[in-house]
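Visitor: Residue numbers for the sequence shown, in full-length UniProt numbering: 1 to 272.
Below is the structure I would like to discuss, written out as structure tokens.
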Amino acid sequence: MTGERTKERIDILLVERGLATSRERAKAYIMAGLVTVDGQKTDKAGTVVPITANIAVHGDSIGYVSRGGLKLAKALEQFRLELTGKVMADVGASTGGFTDCALKNGAAKVYAIDVGYGQLAWSLRTDERVINMERTNIRNVKPEDLGEQLDFVSIDVAFISLDKVLPVVKTLLSPQGTVIALIKPQFEAGREKVGKKGVVRDPAVHREVINNVVHMAELLSLNPLGLTFSPVTGPEGNIEYLLYLTNVPANAAVDEAIIAAVVADAHANLTG
């Protein structure tokens, strides 16, 4: 035996070949469906392939003003959501990754809502389809502030639990409205369950947090139709999850078994 390797993980090979600047970035590309191995699309960062494999990253690796766009892009593809012609809000807009992704998928108007100031990318500030609602706390937004019901809402907020956000979003939605909510365990779990640097690594805590959010959404008659994990980890490597909700009466499609499977899949792909 020579000890020379013949196979390696795809994310490691992407970095070694200069196709990604870090393994985290490589994993984001893979989860977003931008990577092919010998011409076949792959979405598993941990897949081991021959080191001689032809690996390519297709299109603009990010394609949005921030990597947040990759999160919404995965949700739109996974849940087969259509945004063409829709009026929506991007809650926690920040730089505008979600807003940018929505516009590129046909959204007619986006209310970009954020408590911060001066963060939204200039290309979005100057886009007539974007209503820049900076310095705005979503908890203070009322239906009359918008003057129209929303077809779709994306939520990516920090330092606040979704139980403070979803009730407000419910009042802004049209009867057929849908929501993609980013679940961040580090802001949903009790302090005693959050580790050093604000990281929550325990899959059991992830399952508990998601269960709690799903239950809370159901109490608001925001019915859960799907769950997946974000292709992009949060600060310090926190795994985050994308929950698909609808205002339309529907049987819940996210149960404890699905939650457990998604959490396991997330940890298999985004850790190590």
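All C-beta atoms in this analysis are idealised placements derived from N, C-alpha and C, irrespective of residue type, glycine included.
(1) Shortest alpha-carbon distance to Gly85 belongs to which of Gly234, His58, Gly116 and Phe152?
(2) Classify Asn247 as helix, strand or coil using the three-state DSSP reduction.
(3) Take the Cβ of Glu192 as the centre, count every other Cβ of all protein chains shown within 10 Å, and call the residue buried at 16 or more, exposed below.
(4) Establish whether the CB of Gly177 and some CB of chain C are separated by less than 7 Å.
(5) Straight-line CA distance for residue 274 to Gly63?
(6) Name the two residues that bound the continuous alpha helix (DSSP H) containing Glu240.
(7) Quick check on DSSP: helix, strand or coil for Glu134?
(8) For Asn140, is the classification buried or exposed, using 16 other Cβ atoms within 10 angstroms of its Cβ as the cut-off for buried?
(9) Output needed for Arg67: all residues of its chain with C-beta closer than 7 Å, excluding positions within five of it in sequence on either side, in chain order.
(10) Suppose the cutoff is 6 Å on Cβ atoms and the five residues either side in sequence are ignored; what does the same chain contact list for Leu19 look like?
(11) Look at Ile183 and Val205 and say whether their C-beta atoms are less than 7 Å apart.
(12) Tyr117 by DSSP, collapsed to three states: which one?
(13) In angstroms, rounded to a whole number, what distance separates the CA positions of Val262 and Ala250?
(14) Per the contact definition of three or more C-beta pairs closer than 8 Å, is the stretch 71–90 in contact with the stretch 103–117?
(15) Using the C-alpha atoms, what's the distance from Lys164 back to Asp145?
(16) Would you mind working out which of Ala121, Leu150, Ile51 and Lys71 sits nearest Val169, comparing C-alpha positions?
Guide: Quick look at the numbers:
(1) When Gly234, His58, Gly116 and Phe152 are compared, the shortest CA-CA separation from Gly85 is found for Phe152.
(2) Correct three-state label for Asn247: coil.
(3) So Glu192 counts as exposed.
(4) No chain C is part of this structure, which consists of one protein chain only.
(5) Residue 274 lies beyond the stretch modelled for the chain, which goes from 1 to 272, so this question has no answer here.
(6) Run containing Glu240: none; DSSP gives neither H nor E here.
(7) Three-state DSSP puts Glu134 in coil, outside helix and strand.
(8) Counting every other CB atom within 10 Å of its CB across the protein chains shown gives Asn140 a total below 16, marking it as exposed.
(9) Excluding its 5 nearest sequence neighbours in each direction, Arg67 has C-beta neighbours in its own chain below 7 Å: Ala28, Gly97 and Val232, listed in chain order.
(10) Excluding residues within five positions, the ones whose Cβ falls inside 6 Å are Val57.
(11) Between Ile183 and Val205, the CB-CB gap reaches or exceeds 7 Å.
(12) In the structure shown, Tyr117 sits in coil (DSSP, three-state: anything other than H, G, I, E or B).
(13) Answer to the nearest angstrom: the Cα atoms are 21 Å apart.
(14) Proximity of the stretch 103–117 to the stretch 71–90 meets the contact definition, three or more beta-carbon pairs being nearer than 8 Å.
(15) Computed Cα separation, rounded: 18 Å.
(16) Val169 has its Cα closest to that of Leu150, out of Ala121, Leu150, Ile51 and Lys71.
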